[in-house]
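Protein sequences, first through last, are from chains A and B. Position 179, counted from 1, in the first sequence is what the working numbering calls 179; the numbers after and before it change by one each time, with no gaps. Position 80, counted from 1, in the second sequence is what the working numbering calls 1234; the numbers after and before it change by one each time, with no gaps.
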Amino acid sequence: MSNRCSNEETRVDSRTIYVGHRSSSTNEAFIPPKFCDNRIVSSKYTVWNFLPKNLFEQFRRIANFYFLIIFLVQVIVDTPTSPVTSGLPLFFVITVTAIKQGYEDWLRHKADNEVNKYPVTVLEQGRRIRKESEKIKVGDVVEVEEDVTFPCDLILLQSSRDDDTCFVTTASLDGESNHKTHYTVPDTEKDLETLNATIECEQPQPDLYKFVGRMHIYKNDQEPAVRSLGPENLLLKGATLKNTQRICGVAIYTGMETKMALNYQGKSQKRSAVEKSINAFLLVYLCILVSKALVCTTLKYVWQGKPGQDEPWYNEKTQREKDTNLYLKMFTDFLSFMVLFNFIIPVSMYVTVEMQKFLGSFFITWDKDFFDPEIKEGALVNTSDLNEELGQVEYVFTDKTGTLTQNNMEFIECCIDGFQYKYRDASSDLDGFCVTDGPLNKVQEKAGREELFLRALCLCHTVQVKESSEQGQGQRDQVDGFGLDGEVLPPLREQRGFIASSPDEVALVKGAMRFGFTFLGLESKNMKILTRNNDIEMYELLHVLNFDPVRRRMSVIVRSKSGDTLLFCKGADSSIFPRVRQEEVERIRMHVERNATTDDYLLVVTLGAMCFAVQEEDYAQADAGLMEARLALQDREQKLMAVYNQVETGMSLIGATAVEDRLQEEAAETMEALQGAGIKVWVLTGDKMETAKSTCYACRLFQRNTELLELTVRTLEDGGRRREERLHELLLEYHKKAVQDAPTWSSANQDYGFIIDGATLSMVLNSSSESNSSRYKNLFLQICQNCTSVLCCRMAPLQKAQIVKMVKNSKGSPITLSIGDGANDVSMILEAHVGIGIKGKEGRQAVRNSDYAIPKLKHLKKLLLAHGHLYYVRIAHLVQYFFYKNLCFILPQFLYQFFCGYSQQPLYDAAYLTMYNICFTSMPILAYSLLEQHICIEVLLDNAALYRDIAKNGMLRWRPFLYWTLLGVFHGLLFFFGVRFLFSNPALQDNGQVFGNWSYGTIVFTVLVFTVTLKLALDTRHWTWINHFVIWGSLLFYVFFSFFWGGIIWPFLKQQRLYFVFANMLSSVSAWLVIILLILLSLLPEILLVVFHKPRGPRQVELRHIHTFPLYFTHSFSPRFIYLFHFLTVLPLFSLWFWSSLMEPIFNIFIRGI
Amino acid sequence: MGKEGGCGQNKTMVKQEQELANRPDNTAFTQQRLPAWQPMLSAGIVIPGFVIIGLAFIGIGVALFITSKNIQVMEMDYTGFEPDSDCFKCSNPEEKNCVCQLDFNISSRFEGPVFFYYGLSNYFQNYRRYGVSKDDAQLSGDLDNFKSPSDTCSPYDTDGIKPIVPCGSIANSMFNDTFLLYREVNGTNELVPLDGKGIAWWTDYNVKYRNPNVTPLKEAFEGTVKPLFWPRPAYELDTSDPNNNGFINQDFLVWMRRAALPDFRKLYRRIAQGDYARGLPAGNYSLKIAYNYPVLSFQGRKKVVFSNVSWMGGRNDFLGIAYLVIGSMCVFMSIVMLIVYAKFKFPEED
């Protein structure tokens, strides 16, 4: 025996644990296997490796690396600017990031310590020893008390509860706050000291809901007993013990190998479209930078080739310069120019963008409109990288159940043996088959069937009864009370709480209760039912064949008191009908389909599909099969599945239920708004077509005049030909209808809705021949893109992701958004550009995997139309502005090279070069990018069409980029040449003294800072006090800083270049006048454009109370206008020469005349 | 037991607090509802605005233009490039201590105070390596830097053995032509007094540049040599006035403030003394030039400029014309806007 164990231990995919470190055999030397300790390390750094590791990680980012290279070039090569100018901003950025990451890591250390030092009780040789949590070893028997979190993954050995169960909440793991029942390993001894057992289980894996293992229990001289272990025996680290005084368990996974730790890894990063635009722009600017440097280097050597220019007598070269190789000199010159112009790529943009995203995302979590009083939670932002993507969504893929509908199930009617029963006698619409109406009648021959049906309702589920504190006789009496009445008293019903993994299970149990059959709970494997006649019946629960989305059904096997073994199975009609005797099906099918197509705007009747079937079992065989499958270590899932399928056959159909699900609040309004915003909404659901279709009608995704194009198994079978041919035919027909015949100028004429089901979709995607497949896919996509809404029903989770992927990769790569609430939506949430989780009732998996989580569907409207729109406009403007302001910052410096012999003389002082992006111009744009509301939120919400204005990355396409770049060039030229003309006579003071080069640079810089800031002020449509403070504050700061910087002889500076330059500049009237002139001249075209660019046309008329759009928001504005205005303003500058020569004589005459 | 109960109470309190904490703050800031001013640049504001700005600019432009036109300027090239000029003989770099003369006539009174500039063209004082070639510590009188000048001064930091003071290219290339202005009065030449004070920035003269605290100044320069190009050491720049000697010699200070562009002028003297305070009367003048500064080797030009200044500084037509153009543009645009407005009607003014 022990040999076999050790053999298995060597297998890599399982591990053997000795409970309490007791060896199974005495004759063999016991070597405890090596496992990791129970220390949780979520922190990335230690005190010692923080600096190198953090620096390494930061410099792996391409931008930081670029600036590091520039810095190193400055240190090594003789460059125009001191290394400080690029070193300081880089240092600033690196330090801020390091501090932030260090702080986060410190928090993680603190949290780790809290967990690792937490005292736990370990049973060792019969004694209870207090230990720190981190000292737990695999195999230790750990005792945990109520409301305490499990310190590691434990196998439950002993519980203080009588029925060998314990309750656990996994709220901190997956957010599901219901109590889950876990079971002790059957037949373990009560005395843990003498327990001699080994556990074999799989190596740790991250899936929280999967676990396989087995336990060998060695009793004296007996053949070891083997027990299977499943997830129901495993207590996960991070979960909390509830309703149970104390449990003991053996540690099997510790520390970083616990399922919680394995799940800790972050998700893969999604990148937003804006980020891609930034990188493209960056590339353009890099090209500009390199070409500027190349131009300057070339011109420098051309210019030096002229006699006398290379080395005039007043500027002799040093010996070293004379000795340097010409080509090396050229190269270092090139590098020097690069360094001089490197500010064109703003190091601070990355910081600002990240800060904007991080701070901006708070507005989502802060929004009280997203707060749901029911679940007492607001929106959740899991990643702030995608804020702006919310403003770019073109396709919304939504789940149906729990997303469009509330997933708040209510049992409304059932159908037993073809007879319809309704709970309330409210409906006037009576069914032809309906012999009975209202509460169950007393027709005797039917009573047996009815009761069997109700028993099935009561037994076939995994619902737990919530134990309230005053449990006991009193409550049972109350239950009796309404059992007698046969009528439900709502307050009493609510006292009995049911907890289940899915709400329809509860609905069914509650439904049965209304008809008099009450589920009282599970007591030591016996299910207790209170019948209509007030008898308590006991059924021994033999097996539960759990629900899974593939089988779409679940079963229980019970043994009644009379000894009969019964299998009850419930599931979707499609999964039940093939497994029951066919003659029974037809009668019920009609009801089911009628229910599903109920066209009701308020209620959606779904789950007409819950069918119940019963089978008298050949139990022995099934039991053996199930036990064997459960014990399997390998491929347990598949084996179980096979056995399940085998067992669930040959059943007879008892009846069907209808459970109603309400639409989410404002679901229709939300969908309408999304469609109004030009977003295409696709419903992807696993549900059946009829139900999904009625939901679509209820949500107004399909209108009454919408022409439905159906591509389902049913339509494929209509033609009576081969499916493949029919598919081809239909696709072509629909394509003709929706794509070719559709008038291109307006899609509003005829709405098309497209319906496809899972089976057909897989035919389309995986057609037999390769060429057909891609052709079908194209046709399918084109049809879908021309339909206002698309419904995909009967989808497997993976198919949902497939569809998202297909649309995502289609032409134009549209931005997709997936929204869902359940585990089956996770794949599409992860696949889409933006994944949104709804904090619904089906657990928290969707929320955990989403990028944003909102409590309700209706919040999607504000999230996209208001937040998304604003974030997009803000960040787009931020990016464009950053490039613009750095272009007009560096362009004068570039132009100055033509006037200083290409000697890399900086125009601005080093302090200005350094501070420009950090201090003088950073805060206004940050405030803008956090607070701007170019259109106020209410208007955005009321006019969904505004969302279209920014569609397709409208503000970051090449045209607006070109506009901003030209603006930067225009401003740069203006700044430089304006001052250049002024300096044609440098005697600018009334005392005749002259200004030097630093005065020149300071005047240009002053104009630059003011223009760039005021340009932003012009663009600001929403002036809060913060904007005022920051904009005027920055300008004031610049003035004060300049005074201060020039007012003191700084001992640490080698050259006092700016000493009193600024003050002297301000003492010159001409300098003032030129500054005012240039600022105004730069901004005039902007002002004119804003004035001329008024919303016009019919659509804008209705919006005219809103606002004016700055030019680059829309494409409607003719670019000719822009160039005309710029031409008109550049014109005077270039014509000044003509004017001066032309006007001089005229003015001279005029003056002499005076 | 009691303790446990207390814990339970604490827990419920914590829970309630959590619920409260979960609820977002309802403040104007968090809800993005800060009161905000939403400026509207509508035609109704912009058209009058443009008219006002335009008129103001035209007003300033006229003032500037008239002021600029009233400033008298006289520029004379004395490089000696043309063979017929008197300075041609001096343009040969072999010629030492050459003096040439420039005669000119002033037809009407040159209003005072008259400023006397020298100008150089194609001279790159803004060359980067040239610009850093000085030692500010040395120039602020730090004796340590006399002995070991900063290496930025290279190749003018030492003559091989002794340190050069003041070191560097800028100081070395100091402009050293000197001028004497004579006015012809009744056939005899009368020397026009030139004032060399107040031609440099006050802060340069009083704060930034300092002589070492050694008297006599000469001793401070012990063990150093004068810049190679200089005819005499720094402590002999103006032996007549100790306050204009050494590093605080105003000609030196003017030279040390680098020009922004390759064609520049620098202030040489003011003519503000005696009879000439009111200006230069009409008549014949002659300028005696001690021609020392070679410029032809790099195709440079030298000139002298006489100019008076106004509140806006020296003569500069650019500003006035620019203001006039922009001003008239504004008015023009407002007229265009008015026409567009009348024709199409801006929607929000309905």
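No residue lacks a Cβ here, since even glycine has one placed at the ideal position from N, Cα and C. A quick note: this is a predicted structure, and the numbers were derived from the prediction, not measured.
Using the C-alpha atoms, what's the distance from residue j back to residue i?
i	j	result
Tyr118 of chain A	Met806 of chain A	49 Å
Pro1051 of chain A	Phe1029 of chain A	33 Å
Asn1397 of chain B	Leu1335 of chain B	24 Å
Val1459 of chain B	Val1227 of chain B	7 Å
Trp1356 of chain B	Ile1425 of chain B	19 Å
Phe1418 of chain B	Phe1486 of chain B	37 Å
Leu940 of chain A	Leu865 of chain A	6 Å
Gln158 of chain A	Thr184 of chain A	6 Å
Leu1450 of chain B	Ser1488 of chain B	53 Å
Ile829 of chain A	Leu817 of chain A	8 Å
Asp573 of chain A	Asn953 of chain A	45 Å
Asp1289 of chain B	Lys276 of chain A	48 Å
Lys1077 of chain A	Gly1454 of chain B	A quick correction: the sequence has Leu, not Lys, at residue 1077 of chain A. C-alpha separation (whole angstroms): 33 Å.
Val1286 of chain B	Lys317 of chain A	13 Å
Ile17 of chain A	Asp140 of chain A	9 Å
Pick helix, strand or coil for residue i, following the three-state DSSP scheme.
i	result
Pro924 of chain A	helix
Asp1019 of chain A	helix
Ile654 of chain A	strand
Arg1423 of chain B	strand
Gln993 of chain A	coil
Asn546 of chain A	strand
Lys135 of chain A	helix
Does the Cβ of residue i have 16 or more other Cβ atoms within 10 Å, making it buried, or fewer, making it exposed?
i	result
Glu690 of chain A	buried
Lys1059 of chain A	The question names Lys, but residue 1059 of chain A is Tyr in the sequence shown. Tyr1059 of chain A comes out buried.
Pro186 of chain A	exposed
Pro89 of chain A	buried
Trp958 of chain A	exposed
Tyr45 of chain A	buried
Lys368 of chain A	exposed
Cys888 of chain A	buried
Ser771 of chain A	exposed
Asn766 of chain A	exposed
Ala1496 of chain B	exposed
Cys1484 of chain B	buried
Less than 7 Å between the CB of residue i and some heavy atom of the ligand FMN, yes or no?
i	result
Glu669 of chain A	Looking at this structure, you won't find the ligand FMN or any other ligand, since it has none at all.
Could you give the C-beta distance for residue i and residue j, rounded to a whole number, given that I count them as a contact under 8 Å?
i	j	result
Tyr285 of chain A	Ala63 of chain A	That pair is no contact at about 12 Å.
Leu359 of chain A	Leu930 of chain A	6 Å
Thr706 of chain A	Leu727 of chain A	Not really, about 22 Å apart at Cβ, beyond 8 Å.
Thr685 of chain A	Met795 of chain A	6 Å
Phe1278 of chain B	Cys900 of chain A	6 Å
Gly996 of chain A	Arg1432 of chain B	So it is not a contact: roughly 31 Å between Cβ atoms.
Leu709 of chain A	Tyr776 of chain A	That belief does not hold up - the Cβ atoms of Leu709 of chain A and Tyr776 of chain A are roughly 15 Å apart, past 8 Å.
Leu545 of chain A	Val558 of chain A	Actually they do not touch by this definition, with Cβ atoms about 12 Å apart.
Query - Inside the segment 1304 to 1364 of chain B only - alpha helix (DSSP H) runs reaching at least 4 residues - result: 1323 to 1326
Continuous beta strand (DSSP E) assignments of at least 3 residues falling wholly in the segment 819 to 865 of chain A = 834 to 838 and 852 to 854
Every unbroken alpha helix (DSSP H) inside the segment 958 to 988 of chain A [4 residues or more]: 958 to 982
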